[in-house]
Amino acid sequence: MLKKSYIQLFWAMLVLSVSGCTAESTEGYVYYINFKPEADAMWQELAEKYTEQTGTQVKVVTAASGTYTDTLTVAMNKTMVPTLFVVNGVQSLANWEDYCYDLRDSKLTDDLESEDFCMYGKNGALEAIGYCYECYGLIVNKSLLKKSGHDISEINNFASLRSVAEDIHSRSGELGFDAFTSSGLDSSSSWRFSGHLAALPLFYEFGEAGICSQPAEITGKYLGLYRNVWDLYINNSAVLPTALNTATGNMAEEEFGSGKAVFYQNGSWEYNSLTNAETFAMNPDDLAMIPIYCGAEGEENAGLCSGTENYWAVNSKADQKSIDATIAFLDWVVTSEEGRKMMSDSFGATPFKDSLPFVNIFISDADRLREEGKYTVTWDFIYTPNTDTWRAGVVSALQSYSAGTEDWGKVENAFVNGWSYQYKTEHCILN
Amino acid sequence: MNTVIKNKGVRRAVMLRSPIFILPAFICFVISFVIPFLLGLYLSFCKFNIPRDAHWVGFANYSAAFSDPGFWSAFGNSLMFMIASVVCINVPAFFIAYFLSEKINGVGLFRTAFFIPNLIGGVVLGYIWSMLFDGILNYFGTYLTASPVYGLWGIVILVAWQQIGYMMIIYIAGFKSVPTDMLEAAEVDGVTKAQKLFRIILPNMISTISVCIFLTLTNSLKMFDQNLALTGGAPIETLENGMQVKTTELLALNIYTTYNINANWHGAAQAKAVIFFLLTAILAGTQLYLTGRFGQKPKKRVRAKEGAAKQ
Chain A
0 MLKKSYIQLF WAMLVLSVSG CTAESTEGYV YYINFKPEAD AMWQELAEKY TEQTGTQVKV
60 VTAASGTYTD TLTVAMNKTM VPTLFVVNGV QSLANWEDYC YDLRDSKLTD DLESEDFCMY
120 GKNGALEAIG YCYECYGLIV NKSLLKKSGH DISEINNFAS LRSVAEDIHS RSGELGFDAF
180 TSSGLDSSSS WRFSGHLAAL PLFYEFGEAG ICSQPAEITG KYLGLYRNVW DLYINNSAVL
240 PTALNTATGN MAEEEFGSGK AVFYQNGSWE YNSLTNAETF AMNPDDLAMI PIYCGAEGEE
300 NAGLCSGTEN YWAVNSKADQ KSIDATIAFL DWVVTSEEGR KMMSDSFGAT PFKDSLPFVN
360 IFISDADRLR EEGKYTVTWD FIYTPNTDTW RAGVVSALQS YSAGTEDWGK VENAFVNGWS
420 YQYKTEHCIL N
Chain B
0 MNTVIKNKGV RRAVMLRSPI FILPAFICFV ISFVIPFLLG LYLSFCKFNI PRDAHWVGFA
60 NYSAAFSDPG FWSAFGNSLM FMIASVVCIN VPAFFIAYFL SEKINGVGLF RTAFFIPNLI
120 GGVVLGYIWS MLFDGILNYF GTYLTASPVY GLWGIVILVA WQQIGYMMII YIAGFKSVPT
180 DMLEAAEVDG VTKAQKLFRI ILPNMISTIS VCIFLTLTNS LKMFDQNLAL TGGAPIETLE
240 NGMQVKTTEL LALNIYTTYN INANWHGAAQ AKAVIFFLLT AILAGTQLYL TGRFGQKPKK
300 RVRAKEGAAK Q
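Printed below as a string of structure tokens:
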């Protein structure tokens, strides 16, 4: 009798578990794995509004900082798969290429003002759409610059930048501030140099060679420009080069925000933090962004570095109803009043036709320079193979070089040979 | 002690109902250990981005794992680290426990103070110690990750500081279990302190020492958090062909970083994890076997002596 009960219990559990696993939604749903923790509250609010208006279920899960890939991988392995996720470069796209739905014939393409921020895959499939764009360069505290007896108009190339920076650094004791913020090589800050600054030599090399996709090898022809800037940064700041490995991103931000340095290499995303009354409350009129002058020929005509690392991709493994629901949701986000406001407040500049105006001095500077006919330095670091691994090698070499324990050759080796090796591992040429 | 149920009816009833009591723990064990282990074993022979889409590639992942110089470097580092930490943790822990087993003032306070580091999380400790080390080394114009020697010894010092207190507690329990009549008899016979320690206390504490060495060995092999937070494997040496070797990376961290290279390396990381498991299992098995052999010797001797006395 008891044995019979066990068997009945077993079958009941089996039937329940199987029916639970195979339960499918009869209507499409939207499930977004959000990349930016700072925008989580706004996405949740927007999702709720959309569900109220249309009845479509929208679930937004935000990955904690630095755990996006892990969160996405786990979610993709579940029964209810995400329908919308973020890829942030060529490598990320390569990892998730099989999961990217071709958006070429979707309504989203009609919403785009520019296709400059789209990523295409095999056979020209539109696999990911950049949903915001940003710029980076040297953020300048114009007020401090004036106090040091200089003006922003006198800086238009590397020589003039160096002259101003070295003058400020030599008088830092008397002025009470230094030229550059600390160039921290802690992981919270090193991406500014192994990613953003590294884009400069890549941009000039790729431009000269006509490269517009990920190359298997690089020559490092313009690494001298990279060295120019790096030497300028570390020799004209208050922090000793040997202490850079523990200097963090927050330290640099605090140095700039509290008026201890004139120049700060960072991007348009810093605008809110620098001007917000609850953080640094800097006067927007005191701020400007100039190009990172590195000594390239004709750099007087350089603009800011503009691009994006934020691309939406729709999961091709989701059922068609959910794919359609997701595209409809995205269309609503970039065309509805509520959606456009959220996009403008959270991300600033977006490449959609109906995007709302926004206030960000740095993006305005990028637009102004572009209108003046200056060339845009594109984000060529997005082509980096095995981004994190390659960058870690470059950062380690920069640390040794800065501390004086190794020469510049080590940085060149990590940069150039590291690239070709990581390319091979990324494309399975080694294994 | 085994309880034997002689009544057949009662025994049958117990046998039939026993699954009800075993089942919850068994289900948890299967879900948490058996299924992930078997899945991991299967995935080590597959190429996959997410486990659902895995496809069989045979031994390719094992080949990639064995041909990765970073893996061998991490293997060597783990071996060195294991030896260093066994010595640097157990020797001080034993002597601290020896002194704190004596009747001295403030024993409780000292024991608590030594044990507290064990309550702090590995990542927190890693970041705090990296600041401490760098604060000192910056004074001399260098930094923790400037050299693998600094980095690896940094991890040893950190882990010793963290685990000495824990092992000390086990050793104190060991000291307490040494028969007092034996100690008193030795004192009456006029042994020196060194003789008492090496001839009486140590032989009686073999099983305690084995437990502590076993724990230190397995903790050293599994070391991850502190390694990640303190050095992250740096400094990184980029070889002339562009291949990277993280010179302070231990095995567990190497598996993690391999997984994060890109989707093509998920299988190789899984293969490394299986190798890691085998290594740990062999080491733990050997250690347990040796402990069993040496741990029984004193008992055998005592029995033999008892037998001789009876005769």
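Those protein sequences? They're chains A and B, same order as listed. Using numbering that gives the first Met the number 0, you'd call the opening residue of the first sequence number 0 and step up by one each time. Using numbering that gives the first Met the number 0, you'd call the opening residue of the second sequence number 0 and step up by one each time. Where is the CB? At the ideal position from N, CA and C, for every residue including glycine. In this text, all values refer to a predicted model and were calculated from it rather than measured experimentally.
In chain A, what lies closer than 9 Å to residue i by C-beta?
{"i": "R11 of chain B", "result": "Chain A residues near R11 of chain B: none, gap ~10 Å exceeds 9 Å."}
{"i": "Q243 of chain B", "result": "T388, W389, A391, G392, S395, A413, G417, Y420, Q421"}
{"i": "G140 of chain B", "result": "L239, T241, A402, G403"}
{"i": "A24 of chain B", "result": "Chain A residues near A24 of chain B: none, gap ~17 Å exceeds 9 Å."}
Who are the near neighbours of residue i in its chain, counting only those whose CB is closer than 7 Å to its CB and skipping five residues on each side?
{"i": "N218 of chain B", "result": "Q162"}
{"i": "G294 of chain A", "result": "F157, L224, N227"}
{"i": "W407 of chain A", "result": "R226, Y400"}
{"i": "D133 of chain B", "result": "Y142, L143"}
{"i": "W436 of chain A", "result": "Absent from the structure is residue 436 of chain A, since the part of chain A shown begins at 0 and ends at 430."}
Give me the chain A residues within the contact set of residue i, using Cβ-Cβ distance strictly less than 7 Å, ordered along the chain.
{"i": "N259 of chain B", "result": "D387"}
{"i": "P50 of chain B", "result": "N76"}
{"i": "A233 of chain B", "result": "S395"}
{"i": "N240 of chain B", "result": "N416, Y420"}
{"i": "N137 of chain B", "result": "T241, A242"}
{"i": "T237 of chain B", "result": "G392, A396, N412, A413, N416, G417"}
Go through its chain and collect everything with a Cβ distance to residue i's Cβ below 6 Å, but skip five positions before and after it.
{"i": "L286 of chain A", "result": "I360"}
{"i": "Y221 of chain A", "result": "P200, Y203, E204"}
{"i": "Y31 of chain A", "result": "V59, L83"}
{"i": "M41 of chain A", "result": "M341, S345"}
{"i": "V106 of chain B", "result": "L99"}
{"i": "S18 of chain A", "result": "With a pLDDT of only 45 at S18 of chain A, under 50, the local geometry of the prediction cannot be trusted, and the value read off the model is given with reservation. Same-chain partners within the cutoff: there are none."}
Got a sec, what are the start and stop residues for the beta strand (DSSP E) residue i sits in?
{"i": "G375 of chain A", "result": "Rather than Gly, the amino acid found at residue 375 of chain A in this sequence is Thr. Looking at the DSSP string, the run of the beta strand (DSSP E) that includes T375 of chain A is 374-377."}
{"i": "L83 of chain A", "result": "83-86"}
{"i": "D224 of chain B", "result": "Segment 224-229 is the alpha helix (DSSP H) holding D224 of chain B; no beta strand (DSSP E) there."}
{"i": "G306 of chain A", "result": "301-306"}
{"i": "F262 of chain A", "result": "260-266"}
{"i": "K316 of chain A", "result": "Unbroken run through K316 of chain A: none, as it is neither H nor E."}
{"i": "Y119 of chain A", "result": "117-119"}
{"i": "F179 of chain A", "result": "177-179"}
Kindly give me the distance between the Cβ atoms of residue i and residue j, rounded to whole angstroms, as I take these residues to be in contact under 8 Å.
{"i": "S84 of chain B", "j": "V155 of chain B", "result": "6 Å"}
{"i": "I291 of chain A", "j": "S105 of chain A", "result": "With a Cβ gap of about 37 Å, I291 of chain A and S105 of chain A do not count as contacting."}
{"i": "W311 of chain A", "j": "A198 of chain A", "result": "So it is not a contact: roughly 23 Å between Cβ atoms."}
Taking CB distances under 7 Å as the criterion, tell me whether residue i reaches chain E.
{"i": "N94 of chain A", "result": "Annotation note: the requested chain E is absent from the structure, which comprises protein chains A and B."}
If the cut is a Cβ gap below 9 Å, which residues of chain B does residue i touch?
{"i": "E425 of chain A", "result": "I260, N261, N263"}
Hey, quick one: how far does the alpha helix (DSSP H) through residue i stretch, first residue to last?
{"i": "C134 of chain A", "result": "Not the alpha helix (DSSP H): C134 of chain A falls in the beta strand (DSSP E), residues 133-140."}
{"i": "D110 of chain A", "result": "107-110"}
{"i": "C27 of chain B", "result": "7-28"}
{"i": "G121 of chain B", "result": "121-138"}
{"i": "W389 of chain A", "result": "386-402"}
{"i": "Q43 of chain A", "result": "39-53"}
{"i": "M242 of chain B", "result": "Run containing M242 of chain B: none; DSSP gives neither H nor E here."}
{"i": "K409 of chain A", "result": "407-411"}
Less than 7 Å between the beta carbons of residue i and residue j, yes or no?
{"i": "L92 of chain A", "j": "L125 of chain A", "result": "no"}
{"i": "F431 of chain A", "j": "S343 of chain A", "result": "This structure cannot speak to residue 431 of chain A, because chain A is shown only from 0 to 430."}
{"i": "L137 of chain A", "j": "Q43 of chain A", "result": "no"}
{"i": "M250 of chain A", "j": "D364 of chain A", "result": "no"}
{"i": "Y135 of chain A", "j": "G266 of chain A", "result": "yes"}
{"i": "I177 of chain B", "j": "I200 of chain B", "result": "It should be noted that the sequence gives Val, not Ile, for residue 177 of chain B. Yes. Within cutoff."}
{"i": "S186 of chain A", "j": "P350 of chain A", "result": "no"}
{"i": "F275 of chain B", "j": "L250 of chain B", "result": "yes"}
{"i": "T72 of chain A", "j": "I127 of chain B", "result": "no"}
{"i": "F20 of chain B", "j": "H265 of chain B", "result": "no"}
{"i": "V394 of chain A", "j": "L184 of chain A", "result": "yes"}
{"i": "T307 of chain A", "j": "F116 of chain A", "result": "yes"}
{"i": "A267 of chain B", "j": "A64 of chain B", "result": "yes"}
{"i": "I88 of chain B", "j": "A159 of chain B", "result": "yes"}
{"i": "A228 of chain B", "j": "V148 of chain B", "result": "no"}
Closer than 6 Å to a non-hydrogen atom of the ligand NAD - does that hold for the CB of residue i?
{"i": "M79 of chain A", "result": "Inclusion of the ligand NAD in the displayed structure is not the case, the ligand content being empty and no account of it being possible."}
Taking C-beta pairs closer than 8 Å, name the residues in chain A that residue i reaches, listed in chain order.
{"i": "S129 of chain B", "result": "T245"}
{"i": "T144 of chain B", "result": "N244, S395, Q398"}
{"i": "D133 of chain B", "result": "A242, N244, T245"}
For residue i, which residues in chain B fall below 8 Å Cβ to Cβ?
{"i": "Q90 of chain A", "result": "N261"}
{"i": "T72 of chain A", "result": "N48, I49"}
Quick one: residues in its chain with C-beta nearer than 8 Å to the C-beta of residue i, no 5 flanking neighbours on either side, listed in chain order?
{"i": "Q90 of chain A", "result": "T383, P384, N385, T386, E425"}
{"i": "S236 of chain A", "result": "H168, D177, A178, F179, T180, S181, S182, A260"}
{"i": "G256 of chain A", "result": "S272, L273, T278, F279, M281"}
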